[in-house]
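S.K.:
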Amino acid sequence: MQAPLHSASFDKINVIALIVKSVSSYRVLIFLRFVIAIIGGYAFTSASTALLCFLMPIAKQDAVLFSVSISILIYAVVFIYAFSVKSLKTVWISILLSTGIFAGLLALLKDWV
Amino acid sequence: MKDSFFRSMTWLHTWVGLLVCWLLYLIFFAGTLSFFRDEITLWNQPAIHNVQAQAQRIEAQKQQIITGFDYLANHGANSPSWRITLPEPRIPYLVYGYAKPKEPGQRRSQFKNTQLNPNTMQELEPFIDTKGGNFFYRLHFDLHYMDAITARWVICFASFFMLIAIISGVVIHKRIFKDMFSFRRNKGSRTWLDAHNLSSVLALPFHLMITYTGMITLIFMLFPYPAQTAYDNGMRGFFNDVTPRNTMTDKAKGESSMVPIQSILDQVYTKWPHADITRVQVNQPNMAASTITVLVSAGKTLRDQAPRLIFSGATGQMVAKTDDELTNSKALYESLNSMHTGRLATWLLRWLYVLGGIAGCVMIGSGCIMWAKRIRERTKNNAKPSFGLKLVEGLNLATIMGLPLATCAFFTANRLLNPTTAERADKEILAFFFTWLAVAVIALFKRDTLQWRVMAAINTVACLSVPVINALTTNGNIVSYLMHKQWALFTFDALFLLFSILFFIQTEKLRTAKNTSKIISPSQSNNLKRQKS
């Protein structure tokens, strides 16, 4: 009875090890960095410009035009940041967290929740 | 991500650049040609070749508009809209047009246009069906044979990678000033690196500006979120807010006779005594809710939205107008847009734009060639080239040599197709893409130096044939253009001759280059690199 159980848990460990190994493989790491740079950067830019536009104490149309005019600049800075920091974990957490905070603030201010 | 910021950026520059370089080459190529959009349209349309520029263009506008209103009242009394397009410095003819009733399934109604020679007010010969410069203009952000919105997302993606490549390129370029003066000839990939650096650094402000502002022109598709947060009804609310609209008489019901156009023009000239009117549009003519919109040229100001006044057609009262003074945000946005489109450019600035665009093509082209050369040099002599290397080499040849040839095919087709052919404009475009596809298929099988040489030779002949075929099929030729001071047409033909010569030089150079590339073996190129560092 014990032998199959043992081999099953052994297999399980093997699978986990395989996943960990493949996740830390070079290609996957590069892929994850591009994901956070492109999609995370886009989300960060969207949330931050929307919040900025909402908070600016000027006419609505001016706030919109100003926010969109600098949006590409923000996106580019986030993108470069995602590739300049060594730890991928730091990149993911910092971008997702700040995007979440911006989006949350906006939701509170706009009474979406 | 690598050990140092510098190394991360080097990695990023290489891969981000390589991933989109061929698409970027297409965007830069077509975009550069778009700066000559009106000139290309002129060349493609032989009916307007001999329309002389008016000596008193602005002074004649008032009478042209008055005559136009008479014409449209007679011909398009029941039409939903009228349009008078006045001659501009680069567009010599006058157009009176009225919309035909919309047919089911059409998004916009078709216009019945009458083109006139403004000097004689005689109707011009019928125009041939051609997209002219608009083809290249659309190609550089809408691509072709695909949904325009999807294409714009793809273009924005590539442009953003371009911006990242430029920023990372500046970071990794340590000797930015010194390298401006170094060009090492016949040193394999080193030479391509120098060409890449030179074309990038010389026109760096242009590259940055055109890439950033290019995305700004599509920004409301890319980032609609600020407008959606600020306005309850989203993008529509925002656009209604920034576009001057008639909100005073638009609800009026029934028919109404129109005030004489003279009284409206008097108001325009009172406001802008030296107005250079480009267009007059009438919506719902002869109705109580009709509007007459007068658009004037923004001239050399950094404004992309043409200044305009909107009048009620029934009362002659001004109902809306663009801002006279722009707010800071609007000025920022408008200047970014107008820098990209370059509508403000007179001929000297226009040529600088074109030279910047050519530098961009050289930068992108040399970048992708350099990658292939480096990998080639590193590959052992007997080792088989990888799939990636073959792909890059194939795409390089197909893009860099295929696009000029396809362009020649487009212009040749314009002259050789029968004027009455059905869907003629589409067939010109088909000639463009078919030629490009043919080059791509050739590049699939062979992409060595010999193939580059063959392509250069074909391009030499193709570029030469454009002015020759033009001379054979129309009344004018490059000599007569020079004699009659038709500078746009002369420059067009002369540029093709110039590029023919350049391709001929390339053909000759590649005869000798074949030997030098063999001389530099991998070990030697490694030695070279050691000497440099």
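Read top to bottom, the protein sequences are chains A and B. Here the first sequence stands for residues 51 to 163, numbered as in the numbering used here. Here the second sequence stands for residues 170 to 702, numbered as in the numbering used here. We put the beta carbon where it would ideally sit given N, CA and C, even for glycine.
(1) Between the segment 73-84 of chain A and chain B, which residues of the former have CB atoms less than 7 Å from a CB of the latter, in chain order?
(2) Mapping DSSP to helix, strand and coil, what is W251/B?
(3) Which residues of chain B have a Cβ atom closer than 9 Å to the Cβ of G89/A, listed in chain order?
(4) Using the Cβ count rule (16 or more neighbours within 10 Å means buried), how would you classify Q655/B?
(5) In angstroms with no decimal places, state the Cα-to-Cα distance between G406/B and V65/A.
(6) Let me know the secondary structure DSSP gives T283/B once reduced to three states.
(7) If contact means a Cβ-Cβ distance below 7 Å, which residues of the segment 491-513 of chain B contact chain A?
(8) DSSP puts K490/B in a beta bridge; with which residues?
(9) Less than 7 Å between CB atoms is the rule here; does L174/A satisfy it with respect to chain B?
(10) Residue ranges of each alpha helix (DSSP H) run of no fewer than 4 residues wholly in the segment 362-419 of chain B, ordered along the chain?
(11) Between A157/A and chain B, is any beta-carbon pair separated by less than 7 Å?
(12) Would you list, in chain order, the members of the segment 108-119 of chain A that have their beta-carbon closer than 9 Å to a beta-carbon of chain B?
(13) Assuming S535/B and H365/B are in contact, meaning their beta carbons sit under 8 Å apart, how far apart are those beta carbons, in whole angstroms?
(14) Tell me, please, whether the CB atom of I533/B is closer than 7 Å to any CB atom in chain A?
(15) Should A334/B be flagged as near chain A, meaning a C-beta pair shorter than 7 Å?
(16) Of all the options Q436/B, I217/B, R472/B, C530/B, which has the alpha carbon lying nearest to the alpha carbon of L371/B?
(17) Within a Cβ cutoff of 7 Å, which residues of the same chain sit near S278/B, ignoring the five residues on either side of it in sequence?
(18) For chain A, is any of its Cβ atoms less than 7 Å away from the one on P476/B?
(19) Which of the three DSSP states, helix, strand or coil, is assigned to G186/B?
(20) Measure the beta-carbon distance from L255/B to Q230/B and round it to whole angstroms, keeping in mind my assumption that it falls under 8 Å.
(21) Could you give the DSSP three-state label for Q230/B: helix, strand or coil?
(22) Would you check if the distance between the CB atom of F579/B and the CB atom of E592/B is smaller than 7 Å?
(23) When the Cα atoms are used, what is the spatial distance from F175/B to I611/B?
(24) Within 10 angstroms of the Cβ of Y76/A, are there 16 or more other Cβ atoms? Answer buried if so, exposed if not.
(25) With a cut-off of 8 Å, do at least 3 Cβ pairs link the segment 451-461 of chain B to the segment 414-424 of chain B?
(26) Tell me the rounded alpha-carbon separation between N219/B and V118/A.
(27) Using a Cβ distance threshold of 8 Å, determine whether the segment 501-518 of chain B contacts the segment 327-343 of chain B, with at least three qualifying pairs required.
(28) With 7 Å as the threshold, decide whether the Cβ of I145/A is near any Cβ in chain B.
(29) Is A327/B close to chain A, meaning its C-beta is less than 7 Å from at least one C-beta of that chain?
(30) Let me make sure I understand the geometry here. Which of N628/B, V449/B, A514/B has the alpha-carbon closest to that of R477/B?
(31) Using a Cβ-Cβ cut-off of 6 Å (strictly less than) and excluding sequence neighbours within five positions of A334/B, which residues of its own chain qualify?
(32) With a Cβ-Cβ cutoff of 7 Å, do P554/B and V114/A count as a contact?
(33) Quick check on E494/B: buried or exposed, where buried means 16 or more other Cβ atoms within 10 Å of its Cβ?
(34) Can you list, in chain order, the residues of its chain whose CB lies under 7 Å from that of K469/B, leaving out five sequence neighbours each side?
(35) Taking only the alpha-carbon atoms, compute the straight-line gap between K420/B and P573/B and give it to the nearest angstrom.
(36) Select from the segment 124-140 of chain A all residues with a C-beta closer than 8 Å to any C-beta belonging to chain B, and list them in chain order.
M.R.: Checking against the coordinates, here is how it stands:
(1) R83
(2) strand
(3) Here residue 89/A turns out to be Ile, not Gly, going by the sequence shown. The contacting residues do not exist; I89/A stays about 12 Å from chain B at best.
(4) buried
(5) 54 Å
(6) strand
(7) T496, S498, K499, L501, Y502, L505
(8) L478/B
(9) Any question about residue 174/A goes unanswered here, given that chain A covers just 51 to 163.
(10) 373-386, 388-391, 394-399, 403-411
(11) no
(12) I108, A109, K110, Q111, D112, A113, V114, L115, F116, S117, V118, S119
(13) 4 Å
(14) no
(15) no
(16) C530/B
(17) P249, A268, K269, P270, K271
(18) no
(19) helix
(20) 6 Å
(21) helix
(22) no
(23) 39 Å
(24) exposed
(25) yes
(26) 45 Å
(27) no
(28) no
(29) no
(30) V449/B
(31) H182, V185, G186
(32) no
(33) exposed
(34) L513
(35) 53 Å
(36) Y125, A126, F129, I130, F133, S134, V135, K136, L138
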